[in-house]
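A short write-up of the structure that comes next.
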Amino acid sequence: MIRAQYHGRQTPEGFLVWDVRKLIALSEGLPVNDVDLATINEFDENYWYQSDDVIPTCSNIADHMNLVTAANLDFPILLCAEGRLMDGMHRVVKAHIEGQRTIPACRFKTTPPPDHIDVNLSDLPYDT
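For the sequence shown, this note's numbering gives the first residue as -19, with consecutive numbering after it.
In structure tokens:
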């Protein structure tokens, strides 16, 4: 069972949040294609530290590096209809570290509606 996790993105409509477990279920049956790592814009953005209550401490970065180490590159990353990353940054980082140029990805034809709007990621349940 995958751990509870969320993807959040600031938009003109507010801070939109998706439950990654739901995104994975919705991606079943989508084609898997290799995408160039250079096209994943979020790799060069502040991706993990968007929330005001989460800052990049050494401990927090170490936690992310543990997740990068454990990441399984056999599972495709998920992209929204516009090509933005919705799940898989730890896999993207691992692929980059390993010198890969591409990574398997599924891209939604239509971006699913968010599960939450204008909620703080730290206020969501992570134990289920």
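Here a beta-carbon is modelled for each residue, glycine too, at the ideal position from N, C-alpha and C.
So is Asp43 in contact with chain C if we call contact Cβ pairs under 9 Å?
-> Considering every chain present, this structure includes no chain C. It has just one protein chain.
Put Pro61 into one of helix, strand or coil per three-state DSSP.
-> Position 81 of the sequence shown, counted from the first residue, corresponds to residue 61. Per the sequence shown, the amino acid found at residue 61 is Ala instead of Pro. In the three-state reduction of the DSSP assignment, Ala61 falls in the coil class.
Nonlocal neighbours in the same chain, by C-beta distance under 6 Å from Thr91, ignoring five residues either side = Mapped onto the sequence shown, residue 91 falls at position 111. Taken in chain order, the residues that qualify are Cys60, Ala61.
Alpha carbon of Lys89 to alpha carbon of Met66, nearest angstrom | Here residue 89 refers to the residue found at position 109 when the sequence shown is read from its first residue. Here residue 66 refers to the residue found at position 86 when the sequence shown is read from its first residue. Each residue's alpha carbon lies about 13 Å from the other.
Run of the beta strand (DSSP E) containing Val15, from where it starts to where it stops | Your numbering for residue 15 matches position 35 in the sequence shown. 13 to 16 is the span of the beta strand (DSSP E), which, as asked, contains Val15.
Give a yes or no on whether the C-beta atoms belonging to Ile97 and Pro56 are separated by under 9 Å.
-> Working through the sequence shown from its first residue, we reach residue 97 at position 117. Working through the sequence shown from its first residue, we reach residue 56 at position 76. The answer is no: Cβ separation not under 9 Å.
Answer with buried or exposed for Gly68, where buried requires no fewer than 16 other C-beta atoms within 10 angstroms of its C-beta.
-> Working through the sequence shown from its first residue, we reach residue 68 at position 88. By the neighbour-count criterion, in which a residue is buried when 16 or more other Cβ atoms sit within 10 angstroms of its Cβ, Gly68 is buried.
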